[in-house]
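A short write-up of the structure that comes next.
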Amino acid sequence: MERWQNKLAVVTGASGGIGAACARAMIGAGLRVVGLARREAKLKELRDSLPRELQANFIPRRCDVSKEDQVQSSFDWIERELEGADVLLNNAGITRETELVTPSNTQKLKEVIDTNVMGVIWCTREAFNNMKRRGGEGHVLIINSIAGHQVLNFIDVLPSFNIYPATKFAITAITETYRQEFQLHSNKIRVTGICPGAVNTNIFPEEIHFYVKDMVRLEPANIADAMLYALRTPPHVQVHEITIKPMGEMF
């Protein structure tokens, strides 16, 4: 991790779960981190929970990645005040309880698409172009899901995941498209998708917790370990995708 010492990472959805765990791991490995999330108070709690000597290495900033103008203003601020990101971790993701056939559910579906897909596109576009302008090494990581490779069919057990698998299938395709586009424009910027199985986070709506409470799950720190593995690999190594599941997972 020597080449990443004192470099700047941007982590979306950093207020809890996988994002918070990855932010902690990056800071522990010697990076500075800008944490983006809607819940600014939770970001400040994360900063205050760090060892005192490391608190200055976590910079909280409120940003809803489903809003393009907020993404652009945040990355403009990062470039202006901090020169720009060397690492981007696209972690922000949401679910909503509905079905594709439910009447009048457009807003719920759009919220998921705008966060899970468009948020990744907007953040990566801003970060990549800054990395390219500065000419240094960069790494874009995207938290995907095993739902990006199979539509989990537990319709008689779990509520419908509606548009969520479609957004993750999109991320699978987008990650490969990034690999190809990055090669066209730079040989110093890599992309890695990380596809966890079930993780012990609050991504599921409260209504679904009853169904998943006994499911075997990973901890957010396990995903942070995978993220650090990808970062540690030599610059000529393209770790394109990592799949990580808990032992005993049913799918």
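If you read the sequence shown in this note's numbering, its first letter stands for residue 9, the second for the next number, and so on. Even glycine gets a Cβ: it sits at the ideal position worked out from N, Cα and C.
Using a Cβ-Cβ distance cut-off of 8 Å, the segment 187-201 and the segment 112-122 are not in contact, since fewer than three pairs of beta carbons, one from each stretch, lie closer than that value. Straight across, the Cα-Cα distance linking V128 with D222 is about 31 Å. Of the residues K196, N170, I151, P242, the one whose Cα lies closest to the Cα of M235 is I151.
The count of Cβ pairs closer than 8 Å, one atom from the segment 47-54 and one from the segment 13-24, reaches three, so the stretches are in contact.
Note on geometry: alpha-carbon atoms of N210 and G201 lie some 21 Å from one another. Beta-bridge annotation (DSSP): L226 is paired with V207. A check of alpha carbon separations from V159 across G101, L90, G205 identifies G205 as the nearest. The DSSP-derived three-state label of R46 is coil.
In this model, A37 and L108 are separated by some 42 Å (Cα to Cα).
For E249, the enclosing beta strand (DSSP E) starts and ends at 249-252. Take V95, set aside five residues on each side of it, and the residues of its chain with a beta-carbon closer than 6 Å to its own are A17, H147, in chain order.
Taking all protein chains in view, the Cβ of D56 is surrounded by fewer than 16 other Cβ atoms within 10 Å, so the residue is classified as exposed. Counting along the chain, the unbroken beta strand (DSSP E) around R69 starts and ends at 66-70. In terms of Cα proximity to L90, the closest of A229, R198, R60, K15 is K15. Excluding sequence positions up to five before and after L97, its CB lies within less than 6 Å of the CB of V19, C30, L149, all in the same chain and listed in chain order. In chain order, A155, V159 place their CB closer than 6 Å to the CB of P173, counting only its own chain and leaving out the 5 sequence neighbours on each side.
Pairing P242 with E145 gives a Cβ-Cβ distance that is not under 8 Å. Around the C-beta of D72, 16 or more other C-beta atoms lie within 10 Å, and the residue is accordingly described as buried. DSSP places N99 in the coil class of the three-state scheme, outside both helix and strand. Within the segment 161-202, the runs of alpha helix (DSSP H) at least 4 residues long that lie entirely inside it are, in chain order, 172-193. V224 sits away from E134, with the two beta carbons spaced by 8 Å or more. Excluding sequence positions up to five before and after R40, its CB lies within less than 6 Å of the CB of L16, N65, all in the same chain and listed in chain order. Contact annotation, T114 with N170: C-beta distance approximately 12 Å; criterion of less than 8 Å not satisfied. Following the DSSP letters along the chain, one finds G256 in no alpha helix (DSSP H), marked with neither H nor E. Rounded to whole angstroms, the gap between the alpha carbons of T180 and Q13 is 30 Å.
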